[in-house]
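A.B. asks: Residue numbers 3 to 472, in my numbering, belong to the letters of the sequence shown in order.
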Amino acid sequence: MSQSNRRSLSALESIISDNINDTLIWLLPVMTIDEVLQLTRVRLQKDLYPVQEIILRQVWEGKTYTSIASGSHYGEHYLRNIASSLWQSLSQILQTSISKSNFRSCVESRSLTAEERELIEAFTRSQCLATPLEFPGSPVPLDSPFYIPHPLIEELAYREIAKPGSVLRIKAPRKMGKSSLLLRILDRATSLDYRTVSLDFQQAEEAVFVNIDKFLRWFGANISRHLELPPLLDDYWDEDMGSKVSCTIYLQQYVLAKISTPLVLALNEVNRIFEYPKIAREFLPLLRSWHEEAKRIETLGKLRLIVLHSTEIYIPLKLTESPFNVGLPLQLPYFTEEQILALAQRHGMDWTDSPDAERLMAMVGGHPYLVRLALYHLCQNSVRLDQLLQEAPTIAGIYKDYLRSFWATLQEYPELAVALKQVVKSECGVELDPIVASKLFSMGLIHIDNNRCTLSCELYRLYFGSHNFI
Numbered sequence: 003m004s005q006s007n008r009r010s011l012s013a014l015e016s017i018i019s020d021n022i023n024d025t026l027i028w029l030l031p032v033m034t035i036d037e038v039l040q041l042t043r044v045r046l047q048k049d050l051y052p053v054q055e056i057i058l059r060q061v062w063e064g065k066t067y068t069s070i071a072s073g074s075h076y077g078e079h080y081l082r083n084i085a086s087s088l089w090q091s092l093s094q095i096l097q098t099s100i101s102k103s104n105f106r107s108c109v110e111s112r113s114l115t116a117e118e119r120e121l122i123e124a125f126t127r128s129q130c131l132a133t134p135l136e137f138p139g140s141p142v143p144l145d146s147p148f149y150i151p152h153p154l155i156e157e158l159a160y161r162e163i164a165k166p167g168s169v170l171r172i173k174a175p176r177k178m179g180k181s182s183l184l185l186r187i188l189d190r191a192t193s194l195d196y197r198t199v200s201l202d203f204q205q206a207e208e209a210v211f212v213n214i215d216k217f218l219r220w221f222g223a224n225i226s227r228h229l230e231l232p233p234l235l236d237d238y239w240d241e242d243m244g245s246k247v248s249c250t251i252y253l254q255q256y257v258l259a260k261i262s263t264p265l266v267l268a269l270n271e272v273n274r275i276f277e278y279p280k281i282a283r284e285f286l287p288l289l290r291s292w293h294e295e296a297k298r299i300e301t302l303g304k305l306r307l308i309v310l311h312s313t314e315i316y317i318p319l320k321l322t323e324s325p326f327n328v329g330l331p332l333q334l335p336y337f338t339e340e341q342i343l344a345l346a347q348r349h350g351m352d353w354t355d356s357p358d359a360e361r362l363m364a365m366v367g368g369h370p371y372l373v374r375l376a377l378y379h380l381c382q383n384s385v386r387l388d389q390l391l392q393e394a395p396t397i398a399g400i401y402k403d404y405l406r407s408f409w410a411t412l413q414e415y416p417e418l419a420v421a422l423k424q425v426v427k428s429e430c431g432v433e434l435d436p437i438v439a440s441k442l443f444s445m446g447l448i449h450i451d452n453n454r455c456t457l458s459c460e461l462y463r464l465y466f467g468s469h470n471f472i
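1) Considering Cα atoms alone, identify which of A376, H79, I155, F137 is closest to Y51.
2) Please classify I261: does DSSP put it in a helix, a strand, or coil?
3) With the cut-off set at 8 Å, would you say C481 and H369 are in Cβ contact?
4) According to the neighbour-count rule (16 or more other Cβ atoms, all chains shown, within 10 Å of its Cβ), is N273 buried or exposed?
5) Measure from the C-beta of E120 to each C-beta in chain C and report whether the shortest distance is under 8 Å.
6) May I ask you to report which of helix, strand or coil DSSP gives K48?
7) Using a 10 Å radius around the Cβ and a threshold of 16 neighbouring Cβ atoms, would you call Y160 buried or exposed?
8) Anyone know if the C-beta pair for S168 and R298 falls short of 8 Å?
9) Report the residue ranges of all alpha helix (DSSP H) runs contained in full by the stretch 148–196; include only those spanning at least 4 residues, in chain order.
10) Sort E339, F203, Y336 by Cα distance to F276 and report the nearest one.
11) State the DSSP-derived secondary structure class of I308, mapped to helix, strand or coil.
12) Exposed or buried, what is C430 when buried is set at 16 or more other beta-carbons lying within 10 Å of its beta-carbon?
13) Would you kindly check if the distance between the Cβ of Q254 and the Cβ of T192 is under 8 Å?
14) Would you decide whether A174 is buried or exposed? Buried here means 16 or more other CB atoms lie within 10 Å of its CB.
15) Are the beta-carbon atoms belonging to L267 and Y196 less than 8 Å from one another?
16) Would you check if the distance between the CB atom of I187 and the CB atom of E284 is smaller than 8 Å?
17) State yes or no: is the C-beta of F148 within less than 8 Å of the C-beta of L362?
18) On the DSSP letters alone, give me the boundaries of the alpha helix (DSSP H) that P1 sits inside.
19) Looking only at C-alpha atoms, which of C108, F125, E414 sits nearest to V32?
20) For W62, I'd like the list of residues in its chain whose CB is within less than 6 Å of its CB, leaving aside the five on either flank, ordered along the chain.
21) On the criterion of 16 or more Cβ atoms from any shown chain inside 10 Å, does I373 qualify as buried, or is it exposed?
22) Rounded to a whole number of angstroms, what is the C-alpha to C-alpha distance between D24 and R112?
23) Report the residue from G73, R59, R43 whose alpha carbon sits nearest the alpha carbon of I95.
24) Quick one: any contact between the stretch 388–399 and the stretch 447–454, if contact means 3 or more CB pairs under 8 Å?
25) DSSP has A228 in a bridge; who is on the other side?
26) Determine the burial state of R227: buried for a count of at least 16 other Cβ atoms within 10 Å of its Cβ, exposed for fewer.
27) Quick check on this structure: which residue in Y256, V142, S181 has the alpha carbon closest to the alpha carbon of P232?
28) Could you tell me the alpha carbon to alpha carbon distance between I448 and V328, rounded to whole angstroms?
29) Sorted by chain position, which residues of the same chain lie with C-beta nearer than 6 Å to Y252's C-beta, five sequence neighbours on each side aside?
30) Does the beta-carbon of E395 have 16 or more other beta-carbons within 10 angstroms, so that it is buried, or is it exposed?
31) Between the Cα of G179 and the Cα atoms of S72, G139, D189, which residue gives the shortest distance?
32) Kindly indicate which residue of W220, S200, L39 has the alpha-carbon position closest to the one of E207.
33) May I ask you to list the residues that DSSP assigns as paired with L330?
34) Checking the sheet assignment: what are the DSSP bridge partners for H449?
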């Protein structure tokens, strides 16, 4: 063979070798952003702050610091400082120089080692073993490994409560995680040395809602007791000035004046007040007035309100008088398939190479409570996934009590039942009366896209489609 041919053959072999190597690298599993986050937590032996997770996820998607700052309401300089520390930590963890510009390319060029996967699994197991398996339905405890964070939402909430006179509005269908999020916001407030009070209107007796005076005295007395202050209502209540002015003076000149730090006041299950239109028409605009007065009255600026409710307002309030169009609105999302995979892993089930997460999501649409309830029963080995999905829309299934509550509501409000039946029968969605549609949406039964209403998940289609509920 001539020297020229040998050189040509050598060059060809080199090209083939490079192509094979490139192909093999392409075929190898690469790290995902979720695996990066898991590995970072394990190596640092602590959870990431929400702002750190925001930076990593957004940079992974190719976002600039400017766009991240704009979307998350953080200062760009602050984000750069946090990111600089992150790149140093990741450089040590991955044993290579990591920066914003090469973050994804460096990480995607490798996969988790067997040792790293074992460390992640061991870390996850230790978290699960440290906390007993929780039956879903109550707020997820602060130290629970079963809480799925919403970093952007949480950070927006944390920033808002630092603002004088702020109002946070958290709205979502029931059992979407509002109370679990509230726990974390109040915990952050406590870490800032703020005082916190959480009032649950479901705990108020029927007699409290007789009139606005009775209600506001209950309201003021409960705030005082939570702050361990004597309830000196009679010293500040003046019949001639009226209950709303008296309550405002009591809050401003007594409660807020007695404490040296801001007060985060959480009002849970505000939808209970909607059942009493006369109270709602007086109380909700009062909250709004405190928010507006805080701009000029320093003492009222110490008050930060968090309003949680699970239904729309169905009483004839004027929009300009309602507190629900001021402040920062937060709406909780459904779980993604990736979050279901992560939660399954925290329950000791590896669904990475399985269609099980997709199958569960197809049935319940990523609803947090429905997902967690399924994982709880699967983890208890009380049922297999095939059986769980088959029985899900029946009275023998694990969702029977949850579905029965919807049934009771529909029996009480026939106009909702008629509308929902139209949605059940439709394959591509239907247009409904806006008020009726908003009620079904607030219950979590439907999605609304361009005025067309579709069911939130297959579970509702199967359940309501097999029952003659009107």
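For each residue, glycine too, the CB sits at the ideal point set by N, CA and C.
C.D. replies: To lay it out plainly:
1) Measuring C-alpha to C-alpha distances from Y51 to each of A376, H79, I155, F137 identifies I155 as the nearest.
2) Note: I261 maps to coil in three-state DSSP.
3) Nothing in the structure corresponds to residue 481, since the chain is present only between 3 and 472.
4) Classification of N273: buried, given that the 10 Å Cβ count is 16 or more.
5) In the structure shown, chain C cannot be found, because there is only a single protein chain.
6) For K48, the secondary structure class from DSSP, reduced to helix, strand or coil, is coil.
7) Y160 is buried by the Cβ-count criterion.
8) No.
9) Taking only runs of at least 4 residues, the alpha helix (DSSP H) segments lying wholly in the stretch 148–196 are 153–162, 180–193.
10) Considering only alpha carbons, the answer is F203.
11) Strand, per DSSP.
12) By the C-beta density criterion, C430 is exposed, having fewer than 16 other C-beta atoms within 10 angstroms.
13) No, Cβ-Cβ distance for T192 and Q254 is not below 8 Å.
14) A174 is classed as buried because its beta carbon has at least 16 other beta carbons within 10 Å across all chains shown.
15) The answer is no: Cβ separation not under 8 Å.
16) Cβ atoms of I187 and E284: not closer than 8 Å.
17) No, they are not a contact pair.
18) Because the chain in this structure spans residues 3 to 472, residue 1 falls outside the shown range and cannot be described.
19) Looking from the CA of V32, the closest CA among C108, F125, E414 belongs to C108.
20) If we look at W62 and ignore the five residues flanking it on each side, its Cβ neighbours are I35, R106.
21) Reading off the sequence shown, one finds Val at residue 373, where the question assumed Ile. It is buried - the Cβ of V373 has at least 16 other Cβ atoms within 10 Å.
22) A caution first: D24 carries a pLDDT of 41, below 50, which makes its placement in the model unreliable, though a value can still be read off. Straight-line Cα distance between these residues: approximately 13 Å.
23) The residue with the shortest Cα to Cα distance from I95 is R43.
24) Per the Cβ contact rule, the stretch 388–399 is not in contact with the stretch 447–454 (fewer than 3 Cβ pairs under 8 Å).
25) Checking the sequence shown, residue 228 turns out to be His, not Ala. H228 is not bridged by DSSP to any residue.
26) With fewer than 16 other Cβ atoms within 10 Å, it is exposed.
27) From the listed residues Y256, V142, S181, the smallest Cα separation to P232 is found for Y256.
28) Looking at the two C-alpha atoms, the distance is approximately 26 Å.
29) Result list for Y252: G222, Y238, in chain order.
30) Note on residue identity: the sequence assigns Pro, not Glu, to residue 395. With 16 or more other Cβ atoms from the protein chains shown falling within 10 Å of its own Cβ, P395 counts as buried.
31) The residue among S72, G139, D189 with its C-alpha nearest the C-alpha of G179 is G139.
32) The closest CA to that of E207, considering only W220, S200, L39, is found on W220.
33) Beta-bridge pairing links L330 to L170.
34) Beta-bridge partners of H449 (DSSP): T456.
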